[in-house]
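Colleague: Supplied in structure tokens, the structure appears directly below.
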Amino acid sequence: MNQPLQAESYPPQDYEVAAHWLLDRSEHLSTFRADLTHALRERGAAYSDGLSGVADRMVLVASELATNAIVHALPPTRVRLLEGAEEFVLDVIDHAPEVPPEISEGRELGEGGAGLKIAQRVALEVAWYADGSAKHVWARFPRE
0 MNQPLQAESY
10 PPQDYEVAAH
20 WLLDRSEHLS
30 TFRADLTHAL
40 RERGAAYSDG
50 LSGVADRMVL
60 VASELATNAI
70 VHALPPTRVR
80 LLEGAEEFVL
90 DVIDHAPEVP
100 PEISEGRELG
110 EGGAGLKIAQ
120 RVALEVAWYA
130 DGSAKHVWAR
140 FPRE
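Quick note: the sequence shown, position 75, residue 74 per numbering that gives the first Met the number 0, numbers continuous.
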């Protein structure tokens, strides 16, 4: 059984778009992860060799959310990195607003479907909203 992610929740509005990417297929994810890592480092996000830095966690979540959008929605997928004074927001936009993101329940480790669970564990907040023909799934992170 799956449970829906919190809906109709908007990220704070006092953020500026720091970077954005357009992804048409899963082959773009590797380049996207490298570009996001670079953008986060330029903005002072903590990075480590594991998952202890905010940049590491953000790249993991961005990859999971973008993969979900590529697999379950219509292309292209758009990802925006939003920057505020004390936080970052990842905003993953797809073109299937009628398909709400769902948290997979009852799957064994390695069967897939853990992206939203991972996002909820490492982000400050994860939610989504529909906007016309687009769906935004977003995650909020501290700067450090």
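C-beta atoms are modelled at their ideal positions from N, C-alpha and C, and glycine is treated no differently.
Note that this is a predicted model, so its numbers are computed, not measured.
Could you tell me the distance, in whole angstroms, from the CA atom of A118 to the CA atom of E41?
Modeller: Approximately 23 Å between the Cα atoms of the pair.
Colleague: For a quick check, are the C-beta atoms of V125 and A133 less than 9 Å apart?
Modeller: Against a cut-off of 9 Å, the Cβ pair of A133 and V125 comes out as no contact.
Colleague: Using beta-carbon positions only, say whether A72 and V98 come within less than 9 Å of one another.
Modeller: In this structure, V98 lies closer than 9 Å to A72 by Cβ.
Colleague: Since G69 sits in a beta bridge, which residues does DSSP pair it with?
Modeller: The identity of residue 69 in the sequence shown is Ile, whereas the question assumes Gly. I69 is not bridged to any residue.
Colleague: Please classify D13: is it buried, with 16 or more other beta-carbons within 10 angstroms of its beta-carbon, or exposed?
Modeller: When all chains shown are included, D13 counts as exposed.
Colleague: When the Cα of F140 is compared with those of T76, L39, D23, T66, which residue comes out closest?
Modeller: The residue with the shortest Cα to Cα distance from F140 is L39.
Colleague: So what does F87 bridge to, in DSSP terms?
Modeller: Bridge partners of F87: E82, F140.
Colleague: Got a sec? Which residues, its chain only, sit under 8 Å from E162 by beta carbon, not counting five neighbours each side?
Modeller: This structure cannot speak to residue 162, because the chain is shown only from 0 to 143.
Colleague: Sort A113, R56, S25, L22 by Cα distance to T36 and report the nearest one.
Modeller: Selected option, being the one with the closest Cα: R56.
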